[in-house]
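Peer 1: Residue numbering for the sequence shown follows full-length UniProt numbering, beginning at 1 and increasing consecutively.
We treat Cβ as the ideally placed atom computed from N, Cα and C, and that holds for glycine.
Would you mind keeping the following structure in view while I ask a few things?
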Amino acid sequence: MPCLITPPQFNRSHAHIRLLLLGVGRLETICIRSQRHVEPRMEKCCPGRETGAKSLKVIGLNQLLTIAVQCRSVESCWFAQVAMVEVAGNTSKPFLDLGSFVGDLNVDDETTSDDISLEGLEEELQECQADDFTPIFIPFERIGLGTLILGLYLPYLYAKVVANILSKGTTLREYTKGVENNLRQVELDSIQDYIKESDNLVSLHDQIRDCDMILSQMETLLSGFQAEIGSISSDIKILQEKSMDMGLRLKNRKVAESKLAKFVEDIIVPPRMIDIIVDEEVNEEYMRTLEILSKKLKCADADPTVKTSKALKDVQPELEKLRQKAVSKVFDFMVQKLYALRKPKTNIQILQQSVLLKYKYILSFLKEHGKEVYLEVRAAYIDTMNKVLSAQFRAYIQALEKLQLDIATSNDLIGVETRSTGLFSRGREPLKNRSAVFALGERINILKEIDEPPLIPHIAEASSKKYPYEVLFRSLHKLLMDTASSEYLFCDDFFGEQTMFHDIFAGMGSSPFSVIDEHFGTILPNSFDAIGLMLMIRIIHQHQLVMSRRRIPCLDSYLDKVNIALWPRFKMVFDLHLHSLRNANIRTLWEDDVHPHYVIRRYAEFSASLIHLNVEYKDGQLELNLERLKMAVDDLLVKLSQMFAKQKLQTVFLINNYDMIISVLKEAGPDGGKIQQHFEELLKNNTAIFVEELLLEHFNDLIKFVKTRGSEDPSTGTERPITIAEVEPIVKDFASRWKAAIELMHNDVITSFSNFLCGMDILRAALTQLLLYYTRLSDCIKRINGGSTLNKDLVSISSIMYEIRKYSRTF
Numbered sequence: 001m002p003c004l005i006t007p008p009q010f011n012r013s014h015a016h017i018r019l020l021l022l023g024v025g026r027l028e029t030i031c032i033r034s035q036r037h038v039e040p041r042m043e044k045c046c047p048g049r050e051t052g053a054k055s056l057k058v059i060g061l062n063q064l065l066t067i068a069v070q071c072r073s074v075e076s077c078w079f080a081q082v083a084m085v086e087v088a089g090n091t092s093k094p095f096l097d098l099g100s101f102v103g104d105l106n107v108d109d110e111t112t113s114d115d116i117s118l119e120g121l122e123e124e125l126q127e128c129q130a131d132d133f134t135p136i137f138i139p140f141e142r143i144g145l146g147t148l149i150l151g152l153y154l155p156y157l158y159a160k161v162v163a164n165i166l167s168k169g170t171t172l173r174e175y176t177k178g179v180e181n182n183l184r185q186v187e188l189d190s191i192q193d194y195i196k197e198s199d200n201l202v203s204l205h206d207q208i209r210d211c212d213m214i215l216s217q218m219e220t221l222l223s224g225f226q227a228e229i230g231s232i233s234s235d236i237k238i239l240q241e242k243s244m245d246m247g248l249r250l251k252n253r254k255v256a257e258s259k260l261a262k263f264v265e266d267i268i269v270p271p272r273m274i275d276i277i278v279d280e281e282v283n284e285e286y287m288r289t290l291e292i293l294s295k296k297l298k299c300a301d302a303d304p305t306v307k308t309s310k311a312l313k314d315v316q317p318e319l320e321k322l323r324q325k326a327v328s329k330v331f332d333f334m335v336q337k338l339y340a341l342r343k344p345k346t347n348i349q350i351l352q353q354s355v356l357l358k359y360k361y362i363l364s365f366l367k368e369h370g371k372e373v374y375l376e377v378r379a380a381y382i383d384t385m386n387k388v389l390s391a392q393f394r395a396y397i398q399a400l401e402k403l404q405l406d407i408a409t410s411n412d413l414i415g416v417e418t419r420s421t422g423l424f425s426r427g428r429e430p431l432k433n434r435s436a437v438f439a440l441g442e443r444i445n446i447l448k449e450i451d452e453p454p455l456i457p458h459i460a461e462a463s464s465k466k467y468p469y470e471v472l473f474r475s476l477h478k479l480l481m482d483t484a485s486s487e488y489l490f491c492d493d494f495f496g497e498q499t500m501f502h503d504i505f506a507g508m509g510s511s512p513f514s515v516i517d518e519h520f521g522t523i524l525p526n527s528f529d530a531i532g533l534m535l536m537i538r539i540i541h542q543h544q545l546v547m548s549r550r551r552i553p554c555l556d557s558y559l560d561k562v563n564i565a566l567w568p569r570f571k572m573v574f575d576l577h578l579h580s581l582r583n584a585n586i587r588t589l590w591e592d593d594v595h596p597h598y599v600i601r602r603y604a605e606f607s608a609s610l611i612h613l614n615v616e617y618k619d620g621q622l623e624l625n626l627e628r629l630k631m632a633v634d635d636l637l638v639k640l641s642q643m644f645a646k647q648k649l650q651t652v653f654l655i656n657n658y659d660m661i662i663s664v665l666k667e668a669g670p671d672g673g674k675i676q677q678h679f680e681e682l683l684k685n686n687t688a689i690f691v692e693e694l695l696l697e698h699f700n701d702l703i704k705f706v707k708t709r710g711s712e713d714p715s716t717g718t719e720r721p722i723t724i725a726e727v728e729p730i731v732k733d734f735a736s737r738w739k740a741a742i743e744l745m746h747n748d749v750i751t752s753f754s755n756f757l758c759g760m761d762i763l764r765a766a767l768t769q770l771l772l773y774y775t776r777l778s779d780c781i782k783r784i785n786g787g788s789t790l791n792k793d794l795v796s797i798s799s800i801m802y803e804i805r806k807y808s809r810t811f
């Protein structure tokens, strides 16, 4: 903030002195008394502030002094603020020497501003209004801390000093003259002191002059040094520029030298390289030389500016001759190696990995510098491998065909009767040779041997062992997968072409795929083994997973094609079985025997086999076909059962066959599902029918009475109430022969049902039902008047329970 300073006014009138002695505390009172003079000044100095004593109290000391000066009421206090100012750049002294102004005055501490009279102050202030003065504004930040403190303290100090002077009766003017005399005396004393020290000053002057001369000489010497240093600096700068120029030229020459050296190295043909390419055998050193030759040939074609070089034009014919010689030589070498693959009993995979792969750079060289020759080598390899692999697969298939075991023919269907029907008809073969027609048995193990090595025909033939066709099928395709995987990876590594595999395995004319397809085309139309066909379908699926894990897609399309060929054939054979059941000759198939029918056993084994093979695949189409087959068997069973004259025999026949179907399905695994539940429900229903028939046969009167009259209540007054005479014969008859009847029932069950467990369950159910009927009879007797007379003839429930437990233990 700026500090306002007023110029000095040397009018030391008595009125001004009186005002100065008032101090800060009294200044506020003066301003209030002279409000008419102060308010206009305050408004000018502090615009917007309220006037009066209250507003003046909040104004700082500097502002009060400023207001006082503006009002010309404290005109003589300028020196109090001058001490607060340091004018930077103009002078280091204050505007007024306070010492000369105050002098040696002593301040009386007891003097106060109240002792000063203010009489005539207003008139003197009005006279001062005409005086001209201009306030000086100095930035507050240019005022030092000491000066600021002095400026705040001096007004109080000066007021006491002036008061002390006036108290002695001396006027200020007189006191001033005394001070001036003192100053003059001090000045004279100072001159005398200077004269006394004149010799020393002259000596000091001489010394300063000598020093000045010495310094002048040193200046001259240093100026010379400076000039020489400047010259040396200029020389150094010139040398630096020359050094930079030489460094740049050296760098350019090194770059040119490296490029030129590389160019010379790329196009020059060393004699040793010529000797190796022309005369040496193809080996590892020869292939390293081919790499060098390849770089030289590519260098000539890489940079268009190099082609115009005279040096290249001189060397290029020699490089071309070397290229032609190298291409011709490696072509002969590769053809020789490829023909080695055609030798009989050659392990192709070992020859490929240990011999051909060592020379795979030759193929890269031919690709870049002998495209036509490379295509010839490629075609020679494709032709060689096509013929070699086709011959190997054909020989392997012929050896496998000798190991084939015929499982089923067109007559081996579920619903076909196996007895001889004519002169040229084939009778039923022994079970040991035809057990696998409908039952899966150990044939399922082939799915657990997917990753086993292929069969070795001469070893298997030496043991005189025969195999179902699915075993040969797995072995053939295992060999195909391994051979195809090896060939696919070799073609990719050696030739850098994966598509070559298809040219080898599926090319025009004879190829491995065509050989296998030809074999498969003769086997599949003559296959009537539905179980074997389904096993082959599952084998193909497993092989697809194996190839997927290997991440080799070369057989994807082939395996899909085989799978597509197997499903229609399986569907056709399955439909033959279905039609054989639907169109079966009931009279030819029927036998007067209540034991399980062989056709139904075929169906049970066939269904269990297919259900087991479908567990992990959940094939909806196969499940639908099995449902159709189940419906056909239901119809056939009903028709066969109706051939029996007695209802009881019909029921026994159905129970035996249903039980056999359920047993076979359970033996195959807990995967019978809906089909098993269906036959369990039929077994339950027919068991209930048989139990009723068996009880009616031995306890007809008892059961009829319980069913017709057992639920009646004698106390209701029916038209024909139950009498003792009506019940007594039934009770006595049961008591006389119930044990013998149970024995007959036991023997009947034993002879009727081939499955003892099933017979035990049926007998237990019959005896339990008998107990229920007899219990109802006993309850009915208790409700008859006088029924207690029959208690002596009633058989106790505990006795019947004992017999039931006894016969249950016999099984």
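(1) Residues in the same chain with beta-carbon distance under 6 angstroms from N106, minus the five sequence neighbours each way, listed in chain order, please.
(2) Are the CB atoms of L297 and H369 nearer to each other than 7 angstroms?
(3) Output yes or no for whether 7 angstroms exceeds the beta carbon distance between K630 and I675.
(4) Which word fits I350, buried or exposed, when buried means at least 16 other C-beta atoms lie within 10 angstroms of its C-beta?
(5) For the ligand NAP, I want to know if E318 counts as a neighbour, meaning its beta carbon is within less than 6 angstroms of at least one of the ligand's heavy atoms.
(6) Indicate the three-state DSSP secondary structure (helix, strand or coil) for Y175 in the structure shown.
(7) Rounded to the nearest angstrom, what separates S752 and A765 at their Cα positions?
(8) Just curious, the alpha helix (DSSP H) that C211 is in, first and last residue?
(9) Just tell me which of N252, C299, E280 and I276 has its CA closest to the CA of I268.
(10) Could you give the DSSP three-state label for Y617: helix, strand or coil?
(11) Apart from the five residues just before and just after E417, which ones in its own chain have a Cβ nearer than 6 angstroms to its Cβ?
(12) Where are the beta strand (DSSP E) runs, 3 residues long or more, that stay fully inside the region 699-786, in chain order?
(13) Assign T522 to buried or exposed, taking buried as 16 or more other Cβ atoms, counted over all protein chains shown, within 10 Å of its Cβ.
(14) Leaving out the 5 sequence neighbours to the left and right, which residues in its chain are closer than 7 angstroms to L696 when beta-carbon positions are compared?
(15) Can you tell me which residues form a DSSP beta bridge with Y467?
(16) Given 8 angstroms as the limit, is there contact between the region 570-584 and the region 621-635, that is, 3 or more CB pairs closer than that?
(17) Please state the DSSP three-state secondary structure of I804.
(18) Beta-carbon separation of N686 and L654 under 7 angstroms?
(19) Would L636 pass as a contact of Y658 if the rule is Cβ separation under 7 angstroms?
(20) Give me the residue from V373, K295, Y467 and V437 with the minimum Cα distance to residue 826.
(21) In angstroms with no decimal places, state the Cα-to-Cα distance between K321 and P512.
(22) Is the beta carbon of I274 less than 7 angstroms from the beta carbon of K325?
(23) Using the C-alpha atoms, what's the distance from P344 back to Q677?
(24) Indicate whether the contact test is met: 3 or more Cβ pairs, each with one atom in the region 486-495 and one in the region 534-542, closer than 8 angstroms.
(25) On the three-pair Cβ rule with 8 angstroms, is the region 719-728 touching the region 779-795?
(26) In the DSSP assignment, find the alpha helix (DSSP H) that holds E320 and state where it starts and stops.
(27) Can you grab the Cα-Cα spacing for the pair L204 / E174, in whole Å?
(28) Tell whether a beta-carbon distance below 7 angstroms holds between P468 and L405.
(29) Taking 7 angstroms as the cut-off, decide whether the C-beta atoms of I722 and R737 are in contact.
(30) How about L366 and Y359: are their beta carbons less than 7 angstroms apart?
(31) By the three-class DSSP mapping on this structure, what secondary structure does R551 have?
(32) Am I right that E803 and K739 are in contact with their C-beta atoms under 8 angstroms? What's the rounded C-beta distance?
(33) On the CB-based measure, 16 or more other CB atoms within 10 Å of its CB, does S410 come out buried or exposed?
(34) Assess, as a yes-or-no matter, whether the region 602-609 is touched by the region 435-455 under the definition of 3 or more beta carbon pairs within less than 8 angstroms.
(35) Do the region 324-343 and the region 380-397 touch if we need at least three Cβ pairs shorter than 8 angstroms?
(36) Which same chain residues, not among the five before or five after H746, have their C-beta less than 7 angstroms away from its C-beta?
Peer 2: A quick look at the data gives this:
(1) Numbered from 1 along the sequence shown, position 106 holds the residue referred to as residue 106. Residue confidence is low: N106 scores 40 on pLDDT, short of 50, so the model does not pin down where it sits. Its coordinate-derived value is still stated next. Cβ neighbours of N106 beyond the five flanking positions: N164.
(2) Along the sequence shown, read from residue 1 onward, the residue named residue 297 stands at position 297. Along the sequence shown, read from residue 1 onward, the residue named residue 369 stands at position 369. Contact flag set, yes.
(3) The count along the sequence shown starts at 1 and reaches residue 630 at position 630. The count along the sequence shown starts at 1 and reaches residue 675 at position 675. For K630 and I675, yes; Cβs fall inside 7 angstroms.
(4) Translated into the one-based positions of the sequence shown, residue 350 becomes position 350. Exposed, because fewer than 16 other Cβ atoms sit within 10 Å of the Cβ of I350.
(5) This structure simply doesn't include the ligand NAP, nor any ligand for that matter.
(6) In the sequence shown, the residue the question calls residue 175 occupies position 175. DSSP places Y175 in helix when its eight states are reduced to three.
(7) As a position in the sequence shown, residue 752 is number 752, starting the count at 1. As a position in the sequence shown, residue 765 is number 765, starting the count at 1. When rounded, the distance between both Cα atoms is 15 angstroms.
(8) On the sequence shown, position 211 is the one that residue 211 refers to. Where C211 is concerned, the enclosing alpha helix (DSSP H) stretches over S198 to I267.
(9) Residue numbering aside, residue 268 sits at position 268 when the sequence shown is read from its first letter. The shortest C-alpha separation from I268 is found at C299.
(10) Mapped onto the sequence shown, residue 617 falls at position 617. Note: Y617 maps to coil in three-state DSSP.
(11) Translated into positions along the sequence shown, residue 417 becomes position 417. For E417, where only same-chain residues beyond five positions count, the Cβ hits under 6 angstroms are T588 and L589.
(12) none
(13) Translated into positions along the sequence shown, residue 522 becomes position 522. The residue is exposed, with fewer than 16 neighbouring Cβ atoms inside 10 Å.
(14) Position 696 of the sequence shown, counted from the start, is the residue given in the question as residue 696. Cβ within range, chain order: I703.
(15) Looking up residue 467 in the sequence shown gives position 467. The partner list for Y467 (beta bridge, DSSP) reads Q404.
(16) yes
(17) Locating residue 804 in the sequence shown gives position 804, counting from the first residue. Three-state result, I804: helix.
(18) Walking along the sequence shown from the start, residue 686 turns up at place 686. Walking along the sequence shown from the start, residue 654 turns up at place 654. Yes, Cβ-Cβ distance for N686 and L654 is below 7 angstroms.
(19) For the purposes of this step, residue 636 is identified with residue 636 of the sequence shown, where counting begins at 1. For the purposes of this step, residue 658 is identified with residue 658 of the sequence shown, where counting begins at 1. Not closer than 7 angstroms, so no.
(20) The structure shown does not extend to residue 826, since the chain spans only 1 to 811, so no value can be given for it.
(21) The count along the sequence shown starts at 1 and reaches residue 321 at position 321. The count along the sequence shown starts at 1 and reaches residue 512 at position 512. Distance between the alpha carbons of K321 and P512 is about 41 angstroms.
(22) Numbered from its first residue, the sequence shown carries residue 274 at position 274. Numbered from its first residue, the sequence shown carries residue 325 at position 325. No, these two residues do not count as a Cβ contact at 7 angstroms.
(23) To locate residue 677, count along the sequence shown from 1; it is residue 677. To locate residue 344, count along the sequence shown from 1; it is residue 344. If I take the Cα positions, the gap works out to 60 angstroms.
(24) no
(25) yes
(26) What you label residue 320 is simply residue 320 of the sequence shown in a count that begins at 1. K310 to Y339 is the span of the alpha helix (DSSP H), which, as asked, contains E320.
(27) Here residue 204 corresponds to residue number 204 of the sequence shown, with the count starting at 1. Here residue 174 corresponds to residue number 174 of the sequence shown, with the count starting at 1. So the two alpha carbons sit approximately 43 angstroms from each other.
(28) For the purposes of this step, residue 468 is taken as residue 468 along the sequence shown, with counting starting at 1. For the purposes of this step, residue 405 is taken as residue 405 along the sequence shown, with counting starting at 1. In contact: P468 and L405 (Cβ atoms closer than 7 angstroms).
(29) Your numbering for residue 722 matches position 722 in the sequence shown. Your numbering for residue 737 matches position 737 in the sequence shown. No. Outside cutoff.
(30) Mapped onto the sequence shown, residue 366 falls at position 366. Mapped onto the sequence shown, residue 359 falls at position 359. In this structure, Y359 does not lie closer than 7 angstroms to L366 by Cβ.
(31) In the sequence shown, residue 551 corresponds to position 551, counting from 1. Looking at R551 - three-state DSSP - the assignment turns out to be coil, as it is neither helix nor strand.
(32) As a position in the sequence shown, residue 803 is number 803, starting the count at 1. As a position in the sequence shown, residue 739 is number 739, starting the count at 1. Sure, about 7 angstroms apart at Cβ, within 8 angstroms.
(33) In the sequence shown, the residue the question calls residue 410 occupies position 410. Exposed, since its Cβ has fewer than 16 Cβ neighbours within 10 Å.
(34) yes
(35) yes
(36) Reading the sequence shown from its first residue, position 746 is the one you call residue 746. So the list reads L763 and Y807, once near-sequence residues are dropped.
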